[in-house]
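Participant: Sequence positions in the sequence shown follow UniProt numbering and run 1 to 129.
Glycine included, each C-beta is placed from N, C-alpha and C at the ideal position.
Since we're looking at a predicted model, the values are computed, not measured.
Before anything else, here's the structure in question.
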Amino acid sequence: SRSVPAPSAASPASNATPVAMLRSASTSSGRTTSSVLDVSVSPSGMYALISLADGSCRVVDLGRGGVERHALTGHTGKVLAASFLGTSDTNPLAVSCGADRALKLWSLDRGHCVRSWLCASRAGCLAVA
Numbered sequence: 001s002r003s004v005p006a007p008s009a010a011s012p013a014s015n016a017t018p019v020a021m022l023r024s025a026s027t028s029s030g031r032t033t034s035s036v037l038d039v040s041v042s043p044s045g046m047y048a049l050i051s052l053a054d055g056s057c058r059v060v061d062l063g064r065g066g067v068e069r070h071a072l073t074g075h076t077g078k079v080l081a082a083s084f085l086g087t088s089d090t091n092p093l094a095v096s097c098g099a100d101r102a103l104k105l106w107s108l109d110r111g112h113c114v115r116s117w118l119c120a121s122r123a124g125c126l127a128v129a
């Protein structure tokens, strides 16, 4: 179980609940169409990376109430975990692992896969240093 810090009082998203942000990130109607398997928050606390059972990750802007910034697609199975890389939002990269045994490196500026590796077995969690 991972604890996620609440947005700061200075953040425009401070009045939105985490559930509301996840729902708005899933579809424009606010209805969740896929199970959320993992959530990672950027070092600044302004973005969330949501791993979904439909094989995608969603990058949402928490500072704007959970507005979707990118849908990262490319896994052929569930995305089990994802994490931001680095210590700031200035060079936004993320990594994800899926049930398809793929490990993917994402450019969050452009919303596309930069590199992909096929692992010998399925990874269910990520630790990034």
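Taking the Cβ atom as the reference point for each residue, do S44 and A82 lie within a distance shorter than 8 Å?
Facilitator: No, the pair does not count as a contact, with Cβ atoms beyond the cut-off.
Participant: Among R122, L49, D54 and S42, which has the Cα closest to the Cα of S35?
Facilitator: When only C-alpha atoms are compared, the closest one is D54.
Participant: Near T73, which residues of its chain fall below 6 Å by C-beta distance, leaving aside the five closest residues on each side in sequence?
Facilitator: For T73, where only same-chain residues beyond five positions count, the Cβ hits under 6 Å are S56.
Participant: Rounded to a whole number of angstroms, what is the C-alpha to C-alpha distance between A102 and G65?
Facilitator: Roughly 31 Å between the two C-alpha positions.
Participant: Rounded to whole angstroms, what is the Cα-Cα separation between D61 and S121?
Facilitator: Approximately 32 Å between the Cα atoms of the pair.
Participant: Output yes or no for whether 8 Å exceeds the beta carbon distance between A123 and W106.
Facilitator: No, they are not a contact pair.
Participant: Could you name the residues of the same chain whose beta carbon sits closer than 6 Å to that of A6, not counting the 5 residues immediately before and after it, in chain order?
Facilitator: Here A6 scores only 42 on pLDDT, less than 50, and its place in the model should not be relied on; the value that follows carries that caveat. No residues qualify anywhere along the chain.
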